[in-house]
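Numbering (the numbering used here), first residue to last: 63 to 152.
C-beta atoms are modelled at their ideal positions from N, C-alpha and C, and glycine is treated no differently.
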Amino acid sequence: MLKTEIKTLVNAGKMLPLMEAFYTIQGEGFHKGTAAYFVRIGGCDVGCHWCDVKESWNADLHPPTSIESIADTAAKDSQTECRFASANFY
């Protein structure tokens with residue numbers, strides 16, 4: 063796929079800069095202790111000084127991945143609720 067094509071798909075929300083995705087146990091909040099599939103998307107432009115994942119800020123460091131592929135992998139790897147984590151990308 064051409065770079066301009068990928069950028070168009072990312073801008074349209076059909077691809078996302080995937081930093082990481084994994085099955086885990088929720089560690090905080092109301093759902094603490096329950097199984098979850100965590101998806102971290104790169105490209106946050108907020109820049110909070112307390113952020114523990116500053117390497118997620120630059121979307122260009124993470125491979126553009128189709129949302130279908132992300133969802134399919136999450137569904138295949140677990141039978142849990144899928145949650146997307148990102149502060150404010152794009």
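Work out the CA separation of residue j and residue i for me, nearest whole Å.
i: Thr86; j: Val72; result: 26 Å
i: Cys110; j: Ile103; result: 16 Å
i: Thr96; j: Gln88; result: 5 Å
i: Tyr99; j: Asp139; result: 8 Å
i: His93; j: Val101; result: 16 Å
i: Ile129; j: Leu64; result: 18 Å
i: Ala121; j: Val108; result: 13 Å
i: Glu67; j: Ile132; result: 19 Å
i: Thr70; j: Trp112; result: 32 Å
i: Ala74; j: Gly91; result: 31 Å
i: Asp114; j: Ala83; result: 16 Å
Looking at the unbroken alpha helix (DSSP H) that takes in residue i, where does it start and where does it end?
i: Thr135; result: Ile129 to Asp139
i: Lys116; result: No alpha helix (DSSP H) contains Lys116, which DSSP labels as neither H nor E.
i: Leu64; result: Careful: Leu64 lies outside any alpha helix (DSSP H) and carries neither H nor E.
First and last residue of the beta strand (DSSP E) that includes residue i?
i: Thr86; result: Met77 to Ile87
Spell out the partners DSSP gives residue i in its beta bridges.
i: Ile103; result: Leu80
i: Pro126; result: Pro79
i: Ala98; result: Thr86
Relative to the C-alpha of residue i, which residue among the options is closest?
i: Ser118; options: Lys69, Gly105 and Ile129; result: Gly105
Would the segment 73 to 84 count as touching the segment 116 to 131 if we require 3 or more Cβ pairs under 8 Å?
Touching, yes, given that three or more Cβ pairs across the two stretches are closer than 8 Å.
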